[in-house]
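Notes follow the structure.
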Amino acid sequence: MIRSGWLVALSLLVSAAAIVIYTQFLHVAAVRNNPEGYVAAFAIAATIASIAVALGRRWYAWTTLVVVLVLLLGSATFNFVLARIPEAHTTLRVGEQPPDFTLTDADGRPVSLAEYRGKKPVVLVFYRGYW
Amino acid sequence: MGELQGLGAALSEAEKAGVEIIAVSPDPNVRSHEMAQRLRLAYRFVADSDLAVTRRYGLVHARGGEHGEDVPTPTTVVLDRDGAVRWLWIADNFQVRPDPDDVLQAVRAL
Numbered sequence: 018m019i020r021s022g023w024l025v026a027l028s029l030l031v032s033a034a035a036i037v038i039y040t041q042f043l044h045v046a047a048v049r050n051n052p053e054g055y056v057a058a059f060a061i062a063a064t065i066a067s068i069a070v071a072l073g074r075r076w077y078a079w080t081t082l083v084v085v086l087v088l089l090l091g092s093a094t095f096n097f098v099l100a101r102i103p104e105a106h107t108t109l110r111v112g113e114q115p116p117d118f119t120l121t122d123a124d125g126r127p128v129s130l131a132e133y134r135g136k137k138p139v140v141l142v143f144y145r146g147y148w
Numbered sequence: 002m003g004e005l006q007g008l009g010a011a012l013s014e015a016e017k018a019g020v021e022i023i024a025v026s027p028d029p030n031v032r033s034h035e036m037a038q039r040l041r042l043a044y045r046f047v048a049d050s051d052l053a054v055t056r057r058y059g060l061v062h063a064r065g066g067e068h069g070e071d072v073p074t075p076t077t078v079v080l081d082r083d084g085a086v087r088w089l090w091i092a093d094n095f096q097v098r099p100d101p102d103d104v105l106q107a108v109r110a111l
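The listed protein sequences derive, respectively, from chains A and B. Numbering of the first sequence is given in our numbering, commencing with residue 18 and proceeding in unit increments. Numbering of the second sequence is given in our numbering, commencing with residue 2 and proceeding in unit increments.
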């Protein structure tokens, strides 16, 4: 028979693994680009904790269930609501030339798209600083 | 920052292939420059402080910032030698970035 204590440990282990993987391996594209992964891990951990509570209504099983449910709700809200970006109404069209721009780089030199036209392909990255 | 780190590894290879990588951000240039040096990235960081270009390209995420300010929608665009868009990736979740391998593949396909 499966002991409640083992399931509690497993539930906490799954939750901890999700946190460690997401925070420590954010530079791995597969981790960064599948944030639903941590939500799924917390859902699995919550299911395991529920079984632990059903098997033996111990205080530590209840505590684990509450903690894991908070993680599940928090992470789901963050990923599916707070982190969503409304659809951008971009003027960029595949096959078309975007309007030219001139902006300055860190050394104060102007950089424009036109200077690369006919010479070099360009990868343009719009990013928001540290995130 | 993880974004540029991840991208950096693949894109330094792309750079060898003769591609210019231009990173546009409202971040002050100096900060971006420091970041480039720290991560040893071969980017040209340019500042779009008032988001004028980002706005003209329709890539502003209104009030999406930490303090309710407008921020860019994370976007990666591959332009061919003639300046035409060949590949376009726009984020719908601010945690997600294009897979560097996909960007590299788009560059190689030019």
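By construction, the Cβ of each residue, glycine as well, lies at the ideal position given by its N, Cα and C atoms.
- Linking R56/B to F118/A through their CA atoms gives a straight-line distance of about 12 Å.
- Secondary structure of I68/A (DSSP, three-state): helix.
- In terms of beta-carbon proximity, G84/B lines the interface with chain A, with at least one pair separated by less than 9 Å.
- Listed in chain order, the positions of the stretch 48-61 of chain B with a beta carbon within less than 7 Å of a beta carbon of chain A are A48, D49, V54, T55, R57, Y58, G59, L60.
- In this structure, V25/A keeps its C-beta atom at 9 Å or more from the C-beta atom of A58/A.
- Between T76/B and L141/A, the CB-CB gap stays under 9 Å.
- Among the CB atoms of chain A, one or more fall inside 9 Å of the CB of G65/B.
- Here the stretch 91-107 of chain B lies against the stretch 39-51 of chain A, with 3 or more beta-carbon pairs under 8 Å apart.
- The shortest CA-to-CA distance from A100/A to any of V86/B, A92/B, R82/B is the one to A92/B.
- In the three-state scheme derived from DSSP, where H, G and I count as helix and E and B as strand, S32/A is classed as helix.
- Going by DSSP, P127/A is part of the beta strand (DSSP E) stretching over 127-129.
- Taking a cut-off of 8 Å on C-beta distances, the stretch 44-54 of chain B does not touch the stretch 80-91 of chain A, as fewer than three cross pairs fall below it.
- Comparing alpha carbon positions, the residue from N50/A, F143/A, S28/A closest to T64/A is S28/A.
- In terms of Cβ geometry, S21/A and L88/A do not form a close pair [threshold 9 Å].
- As computed with DSSP, A24/B is found in a beta bridge with V142/A, F46/B.
- The secondary-structure analysis by DSSP pairs D122/A across a beta bridge with V47/B.
- The DSSP-derived three-state label of I91/B is strand.
- Just so you know, the alpha carbons of S26/B and T121/A end up roughly 11 Å apart.
- Bridge pairing for V79/B: V140/A, W88/B [DSSP].
- Interface with chain B (9 Å Cβ-Cβ cutoff): T107/A is included.
- Contact check for W88/B against A63/B fails: the beta carbons are separated by 9 Å or more.
- The alpha-carbon of P138/A is positioned some 7 Å away from that of G84/B.
- Contact between I102/A and G65/B holds: their C-beta atoms lie close to 6 Å from each other, under 8 Å.
- Note on Q41/A: under 16 other CB atoms within 10 angstroms of its CB, so exposed under the neighbour-count rule.
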